[in-house]
Structures are given as C-alpha cells and as structure tokens.
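Read the structure below first, then the notes.
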Amino acid sequence: MNSAKMAWKAGKRRTYRPWVPEPGRWLQFDWGEGPRIGGRRTWLFCAWLSWSQFRVVIPVWDCTLGTLVACLDTTLRRIGGSPTYALTDNAKTVTVEHIAGIPVRHPQMVAAGRHYGCQVVSCVPYDPESKGGAEATVRIAKADLVPTDANLLPAYDSFAELADACRTWCDTVNSRRHRATGQIPADRLDIERTTLHVLPVEPLALALGEERLVGSDRTISFNSVRYSTPPGYTGTRVWCRVVGEELSITARTNSGDLSEIWRHQLSTPGVPQITDAHYPDHPDGRAVHQPRLQPRSEAEIAFVGIGPGAGRWLKEAGPAGATRIRAKMARAVELTTVLGNDKVDQALGLAATAGRFADADLLSILGHIADSKPAGEVVRADEVHSVQNGTIGWQALGR
14 MNSAKMAWKA
24 GKRRTYRPWV
34 PEPGRWLQFD
44 WGEGPRIGGR
54 RTWLFCAWLS
64 WSQFRVVIPV
74 WDCTLGTLVA
84 CLDTTLRRIG
94 GSPTYALTDN
104 AKTVTVEHIA
114 GIPVRHPQMV
124 AAGRHYGCQV
134 VSCVPYDPES
144 KGGAEATVRI
154 AKADLVPTDA
164 NLLPAYDSFA
174 ELADACRTWC
184 DTVNSRRHRA
194 TGQIPADRLD
204 IERTTLHVLP
214 VEPLALALGE
224 ERLVGSDRTI
234 SFNSVRYSTP
244 PGYTGTRVWC
254 RVVGEELSIT
264 ARTNSGDLSE
274 IWRHQLSTPG
284 VPQITDAHYP
294 DHPDGRAVHQ
304 PRLQPRSEAE
314 IAFVGIGPGA
324 GRWLKEAGPA
334 GATRIRAKMA
344 RAVELTTVLG
354 NDKVDQALGL
364 AATAGRFADA
374 DLLSILGHIA
384 DSKPAGEVVR
394 ADEVHSVQNG
404 TIGWQALGR
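The opening position of the sequence shown corresponds to residue 14 in our numbering, with each subsequent residue numbered one higher.
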C-alpha cells in the first residue's frame with residue numbers, strides 16, 4: 014500500500030522552477046496574528062522585499078482597508094521607494110471576488126496602487142507557496158515577537174511596547190547576514206533602492222479617511238464632536254475614519270511612518286471625548302487653576318526657601334482666607350534660625366495638611382515634634398470622626 018502511495022505521489026508531485034528575483038520588482042506582504050494587549054487582539058503586517066530580503070513588520074489593531082494602506086505607505090517609505098508589483102493573498106481588502114477564476118480587485122486598492130506607482134496582485138487562491146517569502150516573514154516574526162509557552166517572552170503592557178519591539182526586530186534581522194544571499198539585507202536595499210519608483214509626498218487619503226487639523230487644544234472635530242489627540246501633533250494634519258464603533262486617528266509620526274496614534278469610542282455632539290493621558294502638563298484639568306509659586310520680595314523668597322512644606326502652607330493658607338499671612342511667614346523664618354529649616358518645614362507641611370493657620374498653630378506643631386511624638390495620620394473633623402454620642406443606647410426603647 015505504501016509503495017502504491019509513493020508511486021502515485023511521484024506522478025503527482027509538484028515541480029518548481031527556481032525563482033530568480035529582480036531588483037525593484039517584487040514586494041510581498043501578509044498578515045499574522047499578534048499578541049493580545051490588555052485582552053485585545055492585534056495583528057502583524059509583514060512585508061518582504063524579494064531581491065534584497067529586507068523585512069518590515071508593523072503592529073496594528075485591525076486589518077481594514079485604511080490600516081492596510083497606512084501599512085503599505087509606511088513600508089514603502091522605509092524601503093525608500095515603490096516596486097513594480099506588490100503580491101499578497103486574496104483578502105477582501107484586495108480581491109472582491111473571482112469570476113471564472115479571474116480576480117476582481119477592490120477599487121480603492123487599485124487606486125492605492127496607482128497612487129504609489131505599483132500594481133497590487135494576488136496569488137492563486139489556497140496556494141500560499143506562491144508568496145512564500147511573506148509567509149516565512151510572518152512565521153519568523155510570530156516566533157520572535159508573540160509571547161508563547163515555548164519562547165517565554167514577557168507580555169506587552171502597551172501597544173507602544175509592541176511597536177518598539179517590532180522596530181527593534183526589523184533592525185536586527187535586516188542588519189545580519191542572510192543565509193541565502195550571504196549578504197546583509199540593509200546593504201542590498203541600498204542597491205535595490207536605485208531601481209524603485211519615486212513615492213508621492215502625501216499618502217492616499219481616500220482610504221485613510223477624512224483629513225483634519227489638530228488645534229492648539231490637541232483636539233480634532235469629527236461629525237461635530239471633539240476628540241483629543243496625543244501630545245506632539247498640534248498644528249499637523251491627521252486622518253480620521255470610523256472602524257466599527259470606534260474612531261481611528263492616523264498621523265505621520267516623528268520617524269516618518271504613517272501610524273494610528275489613537276482610537277476613541279464614537280460619541281455624539283455635545284459629548285466630547287477627551288483623554289486625560291493626552292494632557293500630562295494639565296494633571297488637574299481646567300476645572301481648578303493651581304497658581305504657581307513666584308516669590309518676588311526678600312521676605313517671600315526667604316519663606317519659600319524653607320522647603321516644600323512652606324510652599325504648600327502658602328498655597329493652602331491663601332484660599333483658606335487665613336489672616337496676617339505675612340506676619341506668620343516672618344515668624345516662621347525667625348524660627349528657622351533657632352530650630353533649623355527641616356523642623357519648621359515639616360511643621361508647615363503638617364499645618365497645611367491639617368488646615369491649621371491660626372497664630373499659635375505653628376508653635377503647637379513644633380512643640381509636638383519636639384516632644385518626639387509621631388505625627389501619625391492627620392484626622393479631619395467630619396461625620397466619620399465625630400465625637401457625638403451614638404444612638405446605640407436607644408436600641409432598648411419600645412421593647
């Protein structure tokens with residue numbers, strides 16, 4: 014039986030003709046499933062330039078058409094030009110359907126090919142061997158970047174960590190000698206780049222979405238709703254597109270890559286989507302303005318110079334309506350000449366925390382510290398720490 018199978022396979026075995034790639038002619042790309050970040054699924058866009066063996070891996074949140082065009086734009090700008098053909102499989106973002114075995118291309122993907130000066134082609138359905146270079150890139154990238162029980166890689170805490178890991182991986186594999194060619198892919202890319210087509214200055218906005226300008230408040234307006242953007246994009250153009258129930262914002266990063274910088278849940282007019290992480294220089298928002306300490310006179314400079322506790326005392330005493338603040342400041346400066354800055358600063362900090370700004374409060378706190386009594390936790394007089402008698406004595410009434 015085995016001999017019959019071997020004879021049948023010998024007659025049906027697929028034969029190959031060695032493929033000799035030409036410089037600047039073929040780019041292959043494919044998708045691979047990436048690691049989960051915060052329980053959310055990610056994808057790895059993997060591209061491979063056939064002659065130079067140069068590889069590009071980009072992490073993304075989805076495989077939609079806009080994301081695909083953004084990844085192609087980033088890939089082509091990293092390699093420095095556009096090849097003649099871009100080969101991939103028959104995803105719906107590339108091939109809409111097959112009629113009598115003829116693939117029908119997605120109109121926007123055809124427009125993308127014309128925009129970048131290359132022709133997007135697809136392999137034979139269910140035949141991944143026709144784009145083996147991209148398949149190998151996906152396999153190697155997943156083995157090196159996706160945490161598993163075998164490679165014992167640590168999980169990624171954020172999408173930025175995954176993006177940095179992918180960029181580092183690309184730099185590593187492109188700078189070491191390739192086994193098949195015996196040369197370094199980055200060096201061969203310098204040669205192949207001379208045969209690539211020149212790229213357009215702007216990306217294809219048709220697939221990326223609607224263009225918006227980031228205002229000075231780091232927000233963009235989409236369908237009459239304000240959405241915040243991360244720092245560093247004020248005054249630049251971004252592209253917005255709806256992906257399911259989310260708004261995807263894509264921009265050109267400092268490295269020149271076209272990348273998704275943030276996603277917001279879609280909202281309605283009157284309900285802006287503002288993320289606190291986008292305003293690290295405004296930790297308290299705009300509800301309460303905290304004034305900055307700006308001592309001008311010699312007395313003010315001497316008091317603030319006691320330490321951070323003095324500054325905290327002044328910030329609390331002013332809004333609390335404390336009286337004779339300047340006299341109390343001068344008294345605190347006098348006490349430093351006897352007790353030292355550290356003890357006075359500690360007492361001022363405790364006074365600010367407890368809200369004690371009377372004339373004798375500072376001396377009382379200093380006396381408490383001098384008696385070597387631990388300051389302990391500051392207790393505020395409220396309903397939680399009330400000294401009023403409870404009602405437990407009434408429980409027997411009416412019985």
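From the three backbone atoms N, C-alpha and C, an ideal C-beta is built for every residue, glycine too. Bear in mind the structure is a predicted one, so any value in this text is a computation, not a measurement.
Below 8 Å on the Cβ atoms is my guess for residue 179 versus residue 50; work out the distance and round it to an integer in Å.
So it is not a contact: roughly 13 Å between Cβ atoms.
Would you call the stretch 107 to 121 and the stretch 50 to 61 touching, i.e. three or more CB-CB distances under 8 Å?
no
How would you call residue 198, buried or exposed, if buried means at least 16 neighbouring beta carbons within 10 angstroms?
buried
Minimum C-alpha distance to residue 250 - residue among 123, 263, 313
For the options 123, 263, 313, the alpha carbon positioned closest to that of residue 250 is the one of 263.
Do residue 207 and residue 34 have their CB atoms nearer than 9 Å?
no
Please work out which residues of its chain come closer than 7 Å, Cβ to Cβ, to residue 183, disregarding the five sequence neighbours upstream and downstream, and give them in chain order.
68, 69, 70
Measuring CB to CB, does residue 126 end up less than 9 Å from residue 254?
no
Taking only runs that begin and end inside the stretch 63 to 137, name each unbroken alpha helix (DSSP H) of 4 or more residues, in chain order.
78 to 92, 120 to 129, all fully within the stretch 63 to 137.
Candidates 320, 252, 339, 337: closest to residue 363 by CA position
Residue 320 holds the alpha-carbon nearest to the alpha-carbon of residue 363 among 320, 252, 339, 337.
Cβ neighbours of residue 356 in the same chain (closer than 7 Å, five flanking residues each side left out)
Around residue 356, the same chain offers 379, 382 as residues with beta carbons nearer than 7 Å, after the five sequence neighbours per side are excluded.
Can you tell me whether residue 287 is helix, strand or coil according to DSSP?
It is coil, neither helix nor strand.
Could you check where the beta strand (DSSP E) with residue 275 kicks off and where it finishes?
271 to 278
Note down, in chain order, each residue of its chain lying with its Cβ closer than 7 Å to the Cβ of residue 218, except the 5 sequence neighbours on either side.
224, 252
Using the Cα positions of residue 152 and residue 322, report the straight-line distance between them to the nearest angstrom.
58 Å
Nearest to residue 194 by alpha carbon, out of 258, 82, 63?
63
Kindly indicate which three-state DSSP category residue 196 falls into: helix, strand or coil?
coil
For the alpha helix (DSSP H) containing residue 327, list its first residue and its last residue.
321 to 330
Between which two residues does the alpha helix (DSSP H) containing residue 311 stretch?
311 to 317
What does residue 261 pair with, by DSSP beta-bridge criteria?
Partner(s): 254, 276.
For the putative contact between residue 87 and residue 271, defined by C-beta atoms under 8 Å, what is the C-beta separation to the nearest angstrom?
5 Å
When the Cα atoms are used, what is the spatial distance from residue 22 to residue 136?
24 Å
State buried or exposed for residue 94, treating a residue as buried only when at least 16 other CB atoms are found within 10 Å of its CB.
By the 10 Å Cβ count, residue 94 comes out buried.
Return the Cβ separation of residue 279 and residue 259 in integer angstroms, given the expectation that the two are a contact with Cβ distance under 8 Å.
6 Å
Could you give the first and the last residue of the continuous alpha helix (DSSP H) run that contains residue 182?
172 to 188
Looking at the secondary structure, which residues open and close the alpha helix (DSSP H) in which residue 41 lies?
Element bounds for residue 41: not the alpha helix (DSSP H) but the beta strand (DSSP E), 39 to 46.
Which value, in whole angstroms, describes the spacing of the CA atoms of residue 215 and residue 266?
14 Å
Over the uninterrupted beta strand (DSSP E) stretch that includes residue 26, give me the two end residues.
Residue 26 -> no beta strand (DSSP E), and no H or E assigned at all.
Member of 39, 189, 209, 374 whose CA lies at the smallest distance from the CA of residue 336
374
With a threshold of 6 Å on Cβ separation, who are the neighbours of residue 205 within its own chain once the five nearest residues in sequence on each side are excluded?
36, 37, 64, 65
For residue 244 and residue 128, believed in contact at Cβ under 8 Å, the rounded distance
With 8 Å as the limit, residue 128 and residue 244 do not qualify as a contact, their Cβ atoms being about 30 Å apart.
Starting from residue 379 and walking both ways along the alpha helix (DSSP H), at which residues does that stretch end?
374 to 383
Using the C-alpha atoms, what's the distance from residue 186 back to residue 192?
Near 11 Å, if we compare the C-alpha coordinates of residue 186 and residue 192.
Have a look at the DSSP bridge pairing and note the partners of residue 238.
235
Any idea which residues DSSP pairs residue 224 with across the strands?
252
Going along the chain, which residues of its own chain have a beta-carbon closer than 7 Å to the beta-carbon of residue 342, five neighbours each way excluded?
312, 316
In angstroms, rounded to a whole number, what distance separates the CA positions of residue 370 and residue 339?
12 Å
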